[in-house]
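If you count by the working numbering, then the sequence shown holds residues -9 to 523, one letter each, in order.
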Amino acid sequence: MKNVVPFARSAGYLMRHARSNAQKKRYLDALELYRRAAEQNPQSSEALMGMAHMYTQMGLSEMSDRLLRRIAAAGGGRDLCCFGMAQNACARGDYLSAYGYLVRYLAADQSRASENGIRELLPELVVRISPGTPREEVRAARLLSVAVACGESGEWERAGRLAERALLRGDGQAHLHAFYALALTHLGKKAAAAEEMRAAWKTGKEDVRTLLTLSRALHAAGKNRAAGKLLDRAAKMHLSDDEYLALTDAALAVGEDARIGRLLPRACSIAPYERRFLHARAVYRLRNHMPARSAANCWSRILRIDPEDSVAADCLEKLVKGADANAFQYAYTLGKSENERRRAVLQTAALMTKEELAVQWKRSVSLRTVCRWGLRCGDAQTKEFARRVLRTADDDFARELLAESPPEQKKAYNRAVPVYMISADENGGVYLPPLRWRRLARRAVSAAERLCPQAVNAVYVMMLLLLQSEGEKAPMRDPDALAAALLYKGARAVDAELSVHQCAQELATSDRALLRQAERIKTDEPREGKPCS
C-alpha cells in the first residue's frame, strides 16, 4: 500500500491519486483510494464508477456489476451503467445479456452508435450471437447453463431435470451427457451415471469441457484416481486461457496437492485478482509447510479487493488462532458448520416481525454481514431469506444491497431466446416485440442473409431502437421502405458496404422512401448512393 495516501485528504484529492494509480496499472491501490473517496462522499457516484471500472480492469466483472446496479438504482447515470454491464457480460461470455444492455444504452441516446466503444463491441456481439445456430442447439445450451447454475448452488435434483431436457434437444453432444452424469452421481444414481459417462466418453475424448465435467463426476463418485487421469489428459492438450482456468477449478475440486501446485502459478498469472485462486494458493502454502505469513498475504490481498469477503476473513481468523493446515480447504467457501449457522440466522430473522427485526438490525452488525453473504451464496433459498430480511429492514444499507443483487429473471432461461427477443426492459427481462414488428424484422433479416450476413443481428438492434423511441403502436406507414431502412441501418452499424440503392432494390421500394423511413431510426444520417463506411 505504499502508493496509497496514508493520511486524511478530501475526496477530490483521493480521486486524483486513484486515477494516477489506475493509469500506472496499480489497480489495488487505485481501488482502495476510490473506496476511501466513496466513504467520504457517499452521495457522489463518481468514486463508485471508478471502483466499478477498476473491478472490470481486474477481471472481476460480477463485483463491477454489483456496483453498477447500485449506482443505477440511485439514479447515477443508468445508461452509462448499462454500457459497463454490457462490457462485463461480454467478458464473461454472456453475449445475449451484453447485447440487451447495449440496446438499452443506445436507446437512451441513439447518437452514441458512432462511439468508438460501441463500434468495437457491436461487431463482436454480432459475430458471437450467430443467427445460423440450430434452434434446438440454442435451447440445449440455455437449459445447460441453468442446470450448471443449479448444480453450483447444490440444487442437483433440478439440475438433473434440466440436463435431461437439454439432452432431448441436443442429443449426441458429449458435454451434455457428461453434465447429466455429474447430476446423476450427486443424486446417487450410480448405474445411470455410469451409462451417461460411457456415452460422453465415446465422442468427447478430445473435448476439454467434457473431460473436466467427467473428472468432477468421477470425483463425486469417489474415484479420485480416475478423475486425476482425466485432468492430466486435459492438461496435455493445447488449452486457451479460459480452458486452463477451468482445468484449475476442476483440479481444486479433486484436491490433489501436487497437481494443484503445478497448475496454480499459471492460473494466478492469467487471473491475478481471482479470489478463489488466491485462496487456493494460501491453502497450498500452508499444506506444504511454507511460512504462515505467505498464506496470510494471499488472504490479505483478497480483503484489499473486497473488505467484506467472509471466506478470507474467516481463514485469517483461524490462522491467527493457530489452526492446523488440514482445517483449510481448497473450496472457496466457508466451512459446512458456519454455512449452516448463517442460514439458520437468516431463516430466524426472516420470520421476525418488522418491530422485532428493527431492534435486532440496530443491535447486530453481524446480521448485516450475514445478509450480504446470503445474497452472494449459491443457494436459492438462502438468497430468498436474505432478500426477505432486507426488504423488512428497509434502510439505506438494505436498499443498496437489494439493488446490487436483483432477483433472477427465470423466464429468460427456460426457452430459447432468438435475437429479436433481446432484453430491453429495466429489470433485464425478456422482451418480445408484437407480431407485426417481428414479421417486419424477418423480412429485413431475410434480405440481410442474402446480401450482408454480418448485419443480421444489427438489424434487430435497429428495430429495438425504433420501438423504444416510438413505441409498439407506432405506424409502419410503408412496410417495404421500413424493412429496407432497417437493413440499411443494420449494415451501417457493422460497417458493411451496402448502398441505399441496393437495400431499396432488394425490398422493392424507392431510395427516397427508404431514406424517409431511415430518418425515424436516430443513429446517424444516411447518405444516398454512398456505400456505408
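In this text, a Cβ means the ideal position worked out from N, Cα and C, and glycines have one as well. From a predicted model like this one, the values you see are computed outputs, not experimental measurements.
Item: Among Ala79, Pro32 and Leu70, which has the Cα closest to the Cα of serine 51?; Value: Ala79
Item: Roughly how far, in whole angstroms, is the beta-carbon of arginine 510 from the beta-carbon of leucine 456, given that I think they are within contact range, below 8 angstroms?; Value: 6 angstroms
Item: With burial defined as no fewer than 16 other Cβ atoms inside 10 Å of the residue's Cβ, what is the status of serine 259: buried or exposed?; Value: exposed
Item: Mapping DSSP to helix, strand and coil, what is leucine 324?; Value: coil
Item: Return the Cβ separation of asparagine 31 and alanine 20 in integer angstroms, given the expectation that the two are a contact with Cβ distance under 8 angstroms.; Value: That pair is no contact at about 17 angstroms.
Item: Please confirm if the region 456 to 465 is in contact with the region 422 to 430, defined as three or more CB-CB distances below 8 angstroms between the two stretches.; Value: yes
Item: Specify the secondary structure class of valine 310 as computed by DSSP and reduced to three states.; Value: helix
Item: Mind checking threonine 200: buried by the 16 CB within 10 Å criterion, or exposed?; Value: buried
Item: Is the CB-CB distance between serine 35 and alanine 64 below 8 angstroms?; Value: yes
Item: Helix, strand or coil for lysine 192 per DSSP?; Value: helix
Item: Tell whether a beta-carbon distance below 8 angstroms holds between arginine 432 and phenylalanine 387.; Value: no
Item: Does DSSP put glutamine 203 in a helix, a strand or coil?; Value: Here residue 203 turns out to be threonine, not glutamine, going by the sequence shown. Helix, per DSSP.
Item: What's the C-alpha gap between serine 205 and valine 138?; Value: 15 angstroms
Item: So the candidates are Glu29, Lys14, Tyr91 and Tyr17; which of them puts its Cα closest to the Cα of alanine 1?; Value: Glu29
Item: Taking buried to mean at least 16 other C-beta atoms within 10 Å of its own C-beta, is lysine 479 buried or exposed?; Value: buried
Item: If we count the other Cβ atoms within 10 Å of its Cβ and call it buried at 16 or more, is leucine 174 buried or exposed?; Value: buried
Item: For the candidate residues Arg148, Val451 and Glu233, whose alpha-carbon lies nearest to that of leucine 202?; Value: Glu233
Item: Extract the residue ranges of the alpha helix (DSSP H) inside the region 263 to 310, only unbroken runs of 4 or more that lie entirely within it.; Value: 265 to 277, 282 to 295 and 300 to 310
Item: Report whether the distance from the Cβ of serine 300 to the nearest heavy atom of the ligand MG is below 7 angstroms.; Value: In the structure shown, the ligand MG is absent, as is every other ligand, since no ligand is present at all.
Item: Work out the CA separation of glycine 251 and alanine 596 for me, nearest whole Å.; Value: Look at the range of the chain in this structure, -9 to 523, and you will see that residue 596 is not part of it.
Item: Hey, quick one: how far does the alpha helix (DSSP H) through arginine 59 stretch, first residue to last?; Value: 51 to 63
Item: Determine the burial state of alanine 343: buried for a count of at least 16 other Cβ atoms within 10 Å of its Cβ, exposed for fewer.; Value: It should be pointed out that residue 343 corresponds to threonine in this sequence rather than to alanine. That one is exposed.
Item: Grab me the residues of tyrosine 17's own chain with a C-beta within less than 7 angstroms of its C-beta, minus the 5 sequence neighbours each way, in chain order.; Value: Met44, Gln47 and Met48
Item: Do alanine 207 and leucine 172 count as a contact pair if the criterion is CB distance below 8 angstroms?; Value: yes
Item: Would you mind working out which of Lys352, Tyr170 and Gly67 sits nearest aspartate 385, comparing C-alpha positions?; Value: Lys352
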